[in-house]
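In our numbering, the protein residues as written are 54 to 410.
Ideal Cβ placement from N, Cα and C applies to all residues, glycine included.
Comments concern the structure below.
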């Protein structure tokens with residue numbers, strides 16, 4: 054972490070301590086409960102809820118152990134659980150940025166990252182999609198705390214930034230990087246640790262966001278970074294502070310699925326190559342090396358909706374992505390290839406698409 058951000062986070066935490074307002078996570082399960090919001094005992098009887106936010110009554114030893122396990126899994130110093138990727142992104146960015154921060158974000162980042170930027174008091178500028186040269190041209194015009202926000206894999210084209218160029222730019226410009234691993238965690242790197250971990254870049258990021266709703270298969274999100282960052286978020290991230298903690302049953306299920314992920318081997322990229330190799334040359338598609346997404350470009354909302362309906366009539370569940378969600382003329386069939394799709398299904402799908410285009 055560069056000194057400006059480090060000093061900013063540390064100073065605010067030190068001030069909290071001096072004011073007697075510093076908060077940390079504690080567990081009170083051995084005491085008679087007169088604090089939780091479980092007024093009728095329904096959560097207690099059914100093991101279905103935590104009874105409150107983590108700073109009041111909802112924290113648990115199991116969740117803190119899971120956070121530590123997740124941090125170790127991806128090679129980070131510390132981790133913090135948020136109830137969803139959306140809440141992480143709208144909670145982290147406003148917390149770590151102020152009016153003396155300038156944010157530079159890829160023009161195609163997820164809506165939750167955009168909302169986090171809007172909620173901050175920072176100045177913000179977009180740069181052309183995955184165009185690090187354009188990013189550099191904007192960075193040189195600004196001083197002070199600078200935060201770059203982007204994604205490892207973008208969910209529509211399945212493409213990624215040039216990471217060597219990106220991290221050189223981060224270092225040379227004395228900026229910090231916040232990066233989202235939503236569509237790469239679980240399928241990229243050994244044991245699905247994601248790209249930042251597999252390329253040993255975790256410690257080069259201010260924070261890395263790991264939403265769990267994709268490959269991991271559960272609601273929730275881990276934010277990883279330095280212990281300083283995590284302590285800071287516990288004290289200043291509103292979406293963390295004011296959200297109900299997950300139930301113990303949810304925590305145990307996350308632990309089970311993290312263990313399953315660590316042992317799982319998959320053939321997603323082999324299956325993706327098989328599908329692409331069976332598409333006719335007339336099919337225009339986009340994808341990326343770290344993504345299981347293949348998007349077939351079919352310009353025009355009516356055109357792509359028509360083909361979507363014909364594919365569903367043939368037994369294939371595929372959704373058309375329409376403008377303005379994507380740029381006009383870039384309407385598409387967004388095809389997500391899974392480990393449970395077999396070769397016969399993929400070949401049949403490719404042939405059906407060939408016949409419709």
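Coarse secondary structure for residue i, derived from DSSP in three states
{"i": "residue 87", "result": "coil"}
{"i": "residue 161", "result": "coil"}
{"i": "residue 130", "result": "coil"}
{"i": "residue 92", "result": "coil"}
{"i": "residue 138", "result": "helix"}
{"i": "residue 321", "result": "helix"}
{"i": "residue 149", "result": "helix"}
{"i": "residue 300", "result": "coil"}
{"i": "residue 289", "result": "helix"}
{"i": "residue 114", "result": "helix"}
{"i": "residue 207", "result": "coil"}
{"i": "residue 198", "result": "strand"}
{"i": "residue 181", "result": "coil"}
{"i": "residue 213", "result": "coil"}
{"i": "residue 278", "result": "strand"}
{"i": "residue 156", "result": "strand"}
{"i": "residue 315", "result": "helix"}
{"i": "residue 121", "result": "helix"}
{"i": "residue 106", "result": "strand"}
Best match in the options for proximity to residue i [C-alpha to C-alpha]
{"i": "residue 297", "options": "70, 241, 68 and 109", "result": "109"}
{"i": "residue 337", "options": "406, 363, 327 and 290", "result": "406"}
{"i": "residue 65", "options": "118, 248 and 148", "result": "148"}
{"i": "residue 314", "options": "134, 224, 114 and 392", "result": "392"}
{"i": "residue 136", "options": "366, 86 and 293", "result": "293"}
{"i": "residue 116", "options": "375, 140 and 301", "result": "301"}
{"i": "residue 168", "options": "192, 62, 251 and 202", "result": "202"}
{"i": "residue 48", "options": "173, 142 and 390", "result": "No answer is possible for residue 48: the residues shown for the chain start at 54 and end at 410."}
{"i": "residue 386", "options": "363, 395 and 348", "result": "348"}
{"i": "residue 361", "options": "340, 197, 225 and 384", "result": "384"}
{"i": "residue 100", "options": "376, 62, 299 and 334", "result": "299"}
{"i": "residue 166", "options": "153, 141, 397 and 181", "result": "141"}
{"i": "residue 56", "options": "281, 324, 276 and 222", "result": "281"}
{"i": "residue 133", "options": "217, 275, 289 and 365", "result": "275"}
{"i": "residue 223", "options": "126, 185 and 242", "result": "185"}
{"i": "residue 146", "options": "340, 181, 283 and 129", "result": "283"}
{"i": "residue 237", "options": "89, 346, 192 and 395", "result": "346"}
{"i": "residue 317", "options": "90, 244, 104 and 207", "result": "244"}
{"i": "residue 183", "options": "177, 212, 197 and 176", "result": "212"}
{"i": "residue 171", "options": "189, 401, 151 and 190", "result": "151"}
{"i": "residue 288", "options": "164, 144, 228 and 94", "result": "144"}
{"i": "residue 225", "options": "188, 246, 250 and 214", "result": "188"}
CB of residue i within 8 Å of CB of residue j, strictly
{"i": "residue 258", "j": "residue 231", "result": "yes"}
{"i": "residue 332", "j": "residue 403", "result": "yes"}
{"i": "residue 235", "j": "residue 102", "result": "no"}
{"i": "residue 261", "j": "residue 278", "result": "yes"}
{"i": "residue 304", "j": "residue 113", "result": "yes"}
{"i": "residue 179", "j": "residue 204", "result": "no"}
{"i": "residue 356", "j": "residue 376", "result": "no"}
{"i": "residue 390", "j": "residue 286", "result": "no"}
{"i": "residue 327", "j": "residue 399", "result": "yes"}
{"i": "residue 154", "j": "residue 198", "result": "yes"}
{"i": "residue 308", "j": "residue 119", "result": "yes"}
{"i": "residue 126", "j": "residue 311", "result": "yes"}
{"i": "residue 20", "j": "residue 252", "result": "Past the boundaries of the shown model lies residue 20; the chain is included only from 54 to 410, so the question cannot be answered."}
{"i": "residue 233", "j": "residue 163", "result": "yes"}
{"i": "residue 295", "j": "residue 106", "result": "yes"}
{"i": "residue 250", "j": "residue 128", "result": "yes"}
Interface flag, residue i vs chain D, CB-CB below 8 Å
{"i": "residue 326", "result": "Reference to chain D is not applicable here, since this structure consists of a single protein chain."}
Heavy atom of the ligand MG within 7 Å of residue i beta-carbon
{"i": "residue 341", "result": "With respect to the ligand MG, the structure shown offers nothing to examine, as it has no ligands at all."}
- In chain order, which alpha helix (DSSP H) runs of at least 4 residues are fully inside the stretch 219 to 268? Entirely contained in the stretch 219 to 268, the alpha helix (DSSP H) runs reaching 4 residues are, in chain order, 248 to 251.
- Query: Considering only residues of the stretch 330 to 401, which uninterrupted beta strand (DSSP E) runs meet the minimum length of 3 residues and lie entirely inside it, listed in chain order?
  - Reply: As far as the stretch 330 to 401 is concerned, its whole beta strand (DSSP E) runs of at least 3 residues are 346 to 350, 372 to 374 and 385 to 389.
- Given 8 Å, three or more beta-carbon pairs between the stretch 267 to 283 and the stretch 77 to 86: Not touching, per the Cβ criterion.
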